[in-house]
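J.: Residue numbers (the numbering used here): 1 to 696. Idealized CB from N, CA, C, for every residue including glycine. If you scroll down you'll find the structure; I have some questions about it.
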């Protein structure tokens, strides 16, 4: 025991070392977690503290209608553990029933109505919009409108200006008159928020495609950008992969500035006020001046240079189309690439356009009179999590379902270089992507989770698994950023100057290291016996440096501090950090303080913009499970754990699943959110399994 503590103290030196690329920051000290430097400009605020509630007492605040097991039943049926065993068994049965014959799992990936609105606008621009798909899509958009006339970016969130504008224009396209009550309410909200003038750049661009907004008022994005070599600042590889693909496609669109007139206008959405406040930072002011110069250049671009740039951009786009017709497996670059190619003269029957449109159909869900579209699909991610959940729940390691899943995952490993190789030339490929088809952009988070999943399966060909893991570990180690953390898709994708470009007013446009991805990698490497590797020690230092003063961690890809903290604590414990460590205790205290009076955990997505929401919100199954995973990893046998498990047991539905209308996934903090429909099942099953696994 003494030796273990000594080993930990040696590791602690790396925890205390700040990241090299993080900018000026006070050095953390060894005295306590509360003295660590904050990683954001604001200090996290404490939410409502946990009450002195005992799980034997009455539930506070009522429970959702899906509840099927009361606290009385938990007491009378041999206590919480017996109830948890039954809940685990039901969850396992449901999860097994959802596996595809091919071995994979995929839950629906739900976002917001801009995806459906932009699909109608895309089809109108291409001249392929059909009446039936328009009617069904409009039904979905109307169904998602709230009583105040607005549309939001997530369930229960505030009305969003740009989302409401795009939904409104799509409904006008579908034939809804502006005099209709639901349209008048939407238009009134838009005007009250500043009108079209205050909408995001992407919304202005969609409007410009139809003559509803002047191209002169869209920030410049010249295609000559693709000619900048990777060593020059603001080259396309300085942008995150999702932004990179979008920027290249839209630079082609901006060069052509096509207009497809509509038989109506949207004057009722104008407020008549100047949109843009003066830029506050020096770089932003400089880019504003540069934007004006680029607009002047656009009146008479250098002909030969423009032709070379357009040819290079089109080649770049075509080469990155995936086998399923997508670009990166995500909606934004996909639809913009189709528009760019069509504006450049590609016919609709060209193989690239045909594959792209056919691929979109596979992302479309039609249920009765409703048509909606997934912005992305997550089979690799969902399958890796499902395997771990079933293994945690006690399924034998050689169970046929797990072996089938492992076989499918092994077949999905990406063994060809992608854009990531620009920053890491010579690195052997070996990652996994999020989607069915995305060889260009495998990601580090999926790769870590897949390795963790594969190691839970007793595969009949262990040498095949070992070779896949070897490639994956080597690739992940090579993708570590210079500051010790890991981003999602690229190494050292941290040029903050990209955020200052006028065009980039929506979503994150770079891919710096994050606590959740870094934690998942640490957990994976620790599982491979590499906890003492220098890469892991540097990563632990990065995580320690980015712990919030309140003890939590920010969540980049999930909501929010509950997700970040739920990822870091199990990873740190797996890497050999003892539960009594002050940093772990600070995280545990933060989770216990933010447990709801009913035993669950929830954090509203508004926490990304408003720190008063950090750790606060309606409880959800996935967030409750994340908190439990952290507490269980820290060795907590506390009342907080029992209350959380009891909440999961009580809120489980009769089919073995949980209801989770609230979004807990994050695309772009503050701008774009995701409801992963499988999260509500895999994470509670995982938490119940680990809770009951403590008996073994």
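Is the segment 626 to 642 in contact with the segment 593 to 603, if contact means three or more CB pairs nearer than 8 Å?
T.: Output reads yes: the segment 593 to 603 touches the segment 626 to 642.
J.: If you follow the beta strand (DSSP E) that residue 370 is in, where does it begin and where does it stop?
T.: It spans 370 to 373 - the beta strand (DSSP E) in which residue 370 sits, taken as one unbroken run.
J.: Could you give the distance in angstroms between the alpha-carbon of residue 336 and the alpha-carbon of residue 257?
T.: Those two C-alpha atoms are separated by around 13 Å.
J.: Among 535, 396, 458, 123, whose alpha-carbon lies nearest the alpha-carbon of residue 482?
T.: With distances taken between Cα atoms, residue 482 lies closest to 535.
J.: At which residue ranges does the segment 306 to 365 contain complete alpha helix (DSSP H) runs of 4 or more residues, listed in the order of the chain?
T.: Counting whole runs of 4 or more residues, the segment 306 to 365 contains the alpha helix (DSSP H) stretches 331 to 343, 351 to 361.
J.: Pairs of beta-carbons, one from the segment 628 to 642 and one from the segment 117 to 124, closer than 8 Å: are there three or more?
T.: Too few Cβ pairs lie closer than 8 Å, so no.
J.: Quick one: give me the first and last residue of the beta strand (DSSP E) that residue 673 is part of.
T.: It spans 672 to 676 - the beta strand (DSSP E) in which residue 673 sits, taken as one unbroken run.
J.: Around the C-beta of residue 260, are 16 or more other C-beta atoms found within 10 angstroms, so that it is buried, or is it exposed?
T.: The residue in question, residue 260, is exposed, as its Cβ has fewer than 16 Cβ neighbours within 10 Å.
J.: Identify whether residue 667 lies in helix, strand or coil by the three-state DSSP scheme.
T.: Looking at residue 667 - three-state DSSP - the assignment turns out to be strand.
J.: Determine, using beta carbons only, whether residue 175 and residue 138 come nearer to each other than 9 Å.
T.: A contact, by the Cβ cut-off of 9 Å.
J.: Tell me residue 235's beta-bridge partners as DSSP assigns them.
T.: For residue 235, which the question treats as bridged, DSSP gives no partner whatsoever.
J.: So the candidates are 551, 430, 386, 502; which of them puts its Cα closest to the Cα of residue 565?
T.: Closest option to residue 565, Cα to Cα, is 551.
J.: Return the chain-ordered list of same chain residues with a C-beta closer than 7 Å to the C-beta of residue 455, the five sequence neighbours on each side being excluded.
T.: Answer for residue 455: 527, listed in chain order.
J.: Identify the continuous alpha helix (DSSP H) that holds residue 644 and give its terminal residues.
T.: Counting along the chain, the alpha helix (DSSP H) containing residue 644 begins and ends at 639 to 651.
J.: Among the candidates 345, 354, 347, 200, whose CA atom is the shortest distance from the CA of residue 334?
T.: It is 354 whose Cα lies nearest to the Cα of residue 334.
J.: Between the segment 672 to 689 and the segment 104 to 120, are three or more C-beta pairs nearer than 8 Å?
T.: Yes: the two stretches touch, three or more of their Cβ pairs being nearer than 8 Å.
J.: Assign residue 688 to one of two classes, buried (16 or more other C-beta atoms within 10 Å of its C-beta) or exposed (fewer than that).
T.: Counting Cβ neighbours within 10 Å, residue 688 comes out buried, since at least 16 surround it.
J.: Classify residue 376 as helix, strand or coil using the three-state DSSP reduction.
T.: In the structure shown, residue 376 sits in a strand (DSSP, three-state: E or B).
J.: Counting along the chain, where does the alpha helix (DSSP H) carrying residue 700 start and finish?
T.: The structure shown has nothing for residue 700, since the chain only spans 1 to 696.
J.: Using C-beta distances below 6 Å, list every residue in its chain close to residue 358, excluding the 5 sequence neighbours before and after it, in chain order.
T.: Answer for residue 358: 325, listed in chain order.
J.: How big is the Cα-Cα spacing for residue 109 and residue 278?
T.: Answer to the nearest angstrom: the Cα atoms are 37 Å apart.
J.: Pull up the DSSP beta-bridge partners for residue 493, would you.
T.: Residue 493 pairs with 511.
J.: What are the residues that DSSP puts in a beta bridge with residue 152?
T.: 159.
J.: How should residue 573 be labelled, buried or exposed, when 16 other C-beta atoms within 10 angstroms of its C-beta is the threshold for buried?
T.: Classification of residue 573: buried, given that the 10 Å Cβ count is 16 or more.
J.: Quick one: what does DSSP say residue 516 is sitting in, helix, strand or coil?
T.: In this structure, residue 516 counts as helix in the three-state DSSP scheme.
J.: Do residue 514 and residue 488 have their C-beta atoms closer together than 9 Å?
T.: Yes, the pair counts as a contact, with Cβ atoms nearer than the cut-off.
J.: Which of the three DSSP states, helix, strand or coil, is assigned to residue 114?
T.: Residue state, collapsed to three classes: helix.
J.: Taking 8 Å as the threshold, find out whether the segment 428 to 445 comes into contact with the segment 314 to 328 through three or more Cβ pairs.
T.: Touching, yes.
J.: If you drop the 5 nearest sequence neighbours on each side, which residues of the same chain put their C-beta closer than 7 Å to that of residue 84?
T.: Excluding residues within five positions, the ones whose Cβ falls inside 7 Å are 645, 649, 688, 691, 692.
J.: Sort out for me which residues DSSP pairs residue 558 with in a bridge.
T.: For residue 558, which the question treats as bridged, DSSP gives the partners 665.
J.: Classify residue 243: buried if its beta carbon has 16 or more other beta carbons within 10 angstroms, exposed otherwise.
T.: Counting Cβ neighbours within 10 Å, residue 243 comes out buried, since at least 16 surround it.
J.: Give a yes or no on contact between the segment 420 to 431 and the segment 468 to 478, applying the rule of three or more CB pairs nearer than 8 Å.
T.: Short answer: they touch.
J.: If you compare alpha carbons, which of 486, 578, 579, 557 is closest to residue 538?
T.: Measuring from the Cα of residue 538, the nearest candidate turns out to be 486.
J.: State the DSSP-derived secondary structure class of residue 408, mapped to helix, strand or coil.
T.: Three-state DSSP puts residue 408 in a helix.
J.: Counting only the same chain and skipping the five closest in sequence on each side, list residues whose C-beta sits under 8 Å from that of residue 194.
T.: Cβ neighbours of residue 194 beyond the five flanking positions: 161, 271, 273, 275.
J.: Given that a residue counts as buried once 16 or more other Cβ atoms are within 10 Å of its Cβ, and exposed if not, what is residue 392?
T.: Per the 10 Å Cβ criterion, buried.
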